[in-house]
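**Student:** Residue numbers (numbering that gives the first Met the number 0): 0 to 405. Starting off with a structure, shown below.
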Amino acid sequence: MEPAAIQKNDDGTLNIPDCPTIPFIEGDGIGPDIWRATRKVLDSAVTAAYGTRRRIDWLEVLAGEKGFHETGEWLPTETLETIKKYIVAIKGPLTTPVGKGIRSVNVAIRQKLDLHACVRPVKYIDTVPSPMKRPEKVNMVVFRENTEDLYAGIEWQAESEAAEKMIAFLRDEMEADIPEHAGIGIKPISARNTKRLVASAITYALDNNLPSVTLMHKGNIMKFTEGAFSKWGYEVAQERFADQTITEAELYTKYDGKPPAGKVVIKDRIADMLFQQVLLRPDEYHVIATPNLNGDYLSDALAAQVGGLGMAPGANIGVQAAVFEATHGTAPKYAGLDKVNPSSLILSGAMMLDYMGWKEAAQKVRQALQAAVKAGTVTYDLARQIDGATEIKCSAFAEQIVSHMA
Ligand code: NAP
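Here's what the structure looks like:
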């Protein structure tokens with residue numbers, strides 16, 4: 000088997016060779032520990048599913064602290080070019096350098112590769128400790144816009160020349176009432192980026208036979224950004240999916256509250272209210288599409304309902320490339336201790352296998368991980384919540400998962 004690049008067909012589908020080259024960034028802090036564990040589990044799942052017919056040819060690319068030490072750049076151009084070439088990549092967490100040139104390497108990767116959707120599935124895995132009474136009702140996928148909103152990084156420090164200039168402009172030309180010497184941040188939300196995000200969320204719901212897409216926003220207060228997000232979300236549903244979607248209002252006016260088969264219901268909820276609904280009535284929500292900042296808060300809060308950050312996978316998906324990554328950060332206090340839970344990155348790897356159409360291997364990863372948790376020999380974060388559990392190291396947990404790979 001010769002390694003080869005994944006290719007994109009004209010219709011957007013992927014052409015996956017039997018031995019695709021997949022770039023990886025091992026990450027900073029706990030990154031190397033969880034990456035080693037993940038690679039072992041993914042390789043083992045591919046072999047268990049396909050024998051010698053398929054394998055992944057891993058290719059390391061640099062970023063973060065390792066990138067900076069070896070090339071002098073936090074995010075070398077070669078890394079971005081390699082990911083563009085091979086289309087699918089996976090990464091560990093990266094340190095955000097404080098006060099050094101680049102704002103956030105993670106945000107830069109998303110913006111430079113135009114990975115517009117951050118996709119975070121939140122599904123309960125049986126026996127994982129949860130603060131919910133009925134955690135099995137939690138099964139949602141968050142589509143968080145990834146390239147704009149307050150995370151666009153357009154902000155000026157209080158009392159800086161730029162902030163004072165902005166304040167003068169806003170007061171003098173826009174009649175805005177701004178406090179003296181305020182720091183200023185800008186919140187751009189556009190029709191283009193909203194519509195492509197919501198279209199991805201609706202497509203996901205249709206592909207996976209899910210009953211609803213909820214637009215989460217604070218449009219009651221921020222009318223022309225978050226309110227517009229909701230308006231444009233409904234618009235794209237009508238423009239591109241008119242035959243496959245209905246609004247929640249139509250559900251009651253035309254269908255007596257009973258969703259017709261095969262139609263996705265598009266609804267919207269104010270962000271603060273949705274935070275309580277996902278706790279009280281989680282089974283009413285399936286796909287949630289939301290601007291960047293809301294999505295960041297919501298996906299971590301949902302992760303807590305199904306076992307915490309160590310169990311939460313994620314992917315950043317664009318038109319040209321997709322980068323799969325753990326939801327959590329570098330947890331520096333545990334760096335190099337071979338201690339933390341690798342499940343977040345392992346489950347991100349399972350999402351990657353699904354994305355590649357290697358569904359049998361993805362399923363093997365999830366089944367084996369669940370069996371390992373059920374057996375009660377787990378990393379510290381789960382061990383401290385499960386009565387009678389035995390704590391094992393990150394690498395040993397990966398071995399446990401592999402031993403359950405049927
Ligand atoms: P963090 O690295 O996510 O860690 C916060 C806490 O979450 C840890 O102390 C630990 O809790 C728990 N945790 C995280 N990963 C875990 C795992 N795999 N297994 C078990 N528990 C885990 O957040 P942070 O300390 O705020 O951020 C550290 C650095 O990471 C910063 O530079 C930040 O910018 C960066 N970051 C990167 C990404 C990314 O690469 N996408 C995302 C977020 C943050 P306990 O202490 O309770 O054990």
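From the three backbone atoms N, C-alpha and C, an ideal C-beta is built for every residue, glycine too.
My understanding is that Ala88 touches Pro22, with C-beta atoms under 8 angstroms, so please give their C-beta distance in whole angstroms.
**Tutor:** Contact holds; Cβ gap of about 4 angstroms.
**Student:** So what does Ala314 bridge to, in DSSP terms?
**Tutor:** Answer is Val118 and Phe323, bridged to Ala314.
**Student:** Could you tell me which residues DSSP pairs with Leu58 in its beta bridges?
**Tutor:** BP columns for Leu58 point to Pro22.
**Student:** Give a single yes or no on whether Pro92 has its beta carbon closer than 6 angstroms to a heavy atom of the ligand NAP.
**Tutor:** Yes, the beta carbon of Pro92 sits closer than 6 angstroms to at least one heavy atom of the ligand NAP.
**Student:** My output table needs one value for Met215: the three-state DSSP class, helix, strand or coil.
**Tutor:** Here Met215 sits in strand by DSSP.
**Student:** Is it the case that the Cβ atoms of Met215 and Asn293 are separated by a distance below 7 angstroms?
**Tutor:** Yes, these two residues count as a Cβ contact at 7 angstroms.
**Student:** What ranges does the alpha helix (DSSP H) occupy inside the segment 244-289, keeping only unbroken runs of at least 4 residues that lie completely in it?
**Tutor:** Runs of the alpha helix (DSSP H) inside the segment 244-289: 247-252 and 270-279.
**Student:** Quick check: the segment 345-363 against the segment 374-385, are there 3 or more CB pairs under 8 angstroms?
**Tutor:** With the cut-off at 8 angstroms, the segment 345-363 and the segment 374-385 do not touch.
**Student:** Could you give the DSSP three-state label for Arg143: helix, strand or coil?
**Tutor:** Strand.
**Student:** Where do the N-terminal and C-terminal ends of the alpha helix (DSSP H) with Ile82 fall, by residue?
**Tutor:** Start and end: Thr76 to Tyr85.
**Student:** Check whether the segment 278-285 and the segment 67-86 touch, using three or more Cβ-Cβ pairs below 8 angstroms as the test.
**Tutor:** The segment 278-285 is not in contact with the segment 67-86.
**Student:** Can you list, in chain order, the residues of its chain whose CB lies under 7 angstroms from that of Glu64, leaving out five sequence neighbours each side?
**Tutor:** Here the set comprises Asp27 and Thr94.
**Student:** Throw me the rounded Cβ distance for the Pro92 and Gly152 pair, which I believe falls under 8 angstroms.
**Tutor:** The pair is not a contact, with the Cβ atoms about 19 angstroms apart (cut-off 8 angstroms).
**Student:** Can you tell me where the alpha helix (DSSP H) holding Pro31 begins and where it ends?
**Tutor:** From DSSP, the alpha helix (DSSP H) with Pro31 extends over Gly30 to Tyr49.
**Student:** Which of helix, strand or coil does DSSP assign to Ile108?
**Tutor:** Ile108 falls in the helix class under three-state DSSP.
**Student:** What does DSSP give as the partner residues of Trp437 in its beta bridges?
**Tutor:** As displayed, the chain neither begins before 0 nor continues past 405, which places residue 437 out of reach and without an answer.
**Student:** With a Cβ-Cβ cutoff of 7 angstroms, do Tyr284 and Met139 count as a contact?
**Tutor:** Taking 7 angstroms as the Cβ cut-off, Tyr284 and Met139 qualify as a contacting pair.
**Student:** For a quick check, are the C-beta atoms of Val121 and Val372 less than 7 angstroms apart?
**Tutor:** The answer is no: Cβ separation not under 7 angstroms.
**Student:** Would you call the segment 219-237 in contact with the segment 190-209, where contact means no fewer than 3 C-beta pairs closer than 8 angstroms?
**Tutor:** Yes, the segment 219-237 touches the segment 190-209.
**Student:** Check whether the Cβ of Thr329 sits closer than 6 angstroms to any heavy atom of the ligand NAP, and report yes or no.
**Tutor:** Under cutoff, so the answer is yes.
**Student:** Please return the same chain residues whose Cβ sits closer than 7 angstroms to the Cβ of Thr244, not counting the five positions on each side in sequence.
**Tutor:** Contacts found: Ile201, Ala236, Lys262, Val263 and Ile265.
**Student:** DSSP on Ala200, reduced to helix/strand/coil?
**Tutor:** Three-state DSSP puts Ala200 in a helix.
**Student:** Please return the same chain residues whose Cβ sits closer than 7 angstroms to the Cβ of Lys392, not counting the five positions on each side in sequence.
**Tutor:** These residues qualify, in order along the chain: Asp337 and Lys338.
**Student:** Helix, strand or coil: which one does DSSP assign to Glu388?
**Tutor:** Residue identity differs from the one stated: residue 388 is Ala in this sequence, not Glu. It is coil, neither helix nor strand.
**Student:** Count the CB pairs spanning the segment 2-22 and the segment 290-305 that are closer than 8 angstroms, and state whether there are at least three.
**Tutor:** No: the two stretches stay apart, fewer than three of their Cβ pairs being nearer than 8 angstroms.
**Student:** The alpha helix (DSSP H) that contains Asn293, what's its start and end?
**Tutor:** Here the alpha helix (DSSP H) through Asn293 covers Asn291 to Gln304.
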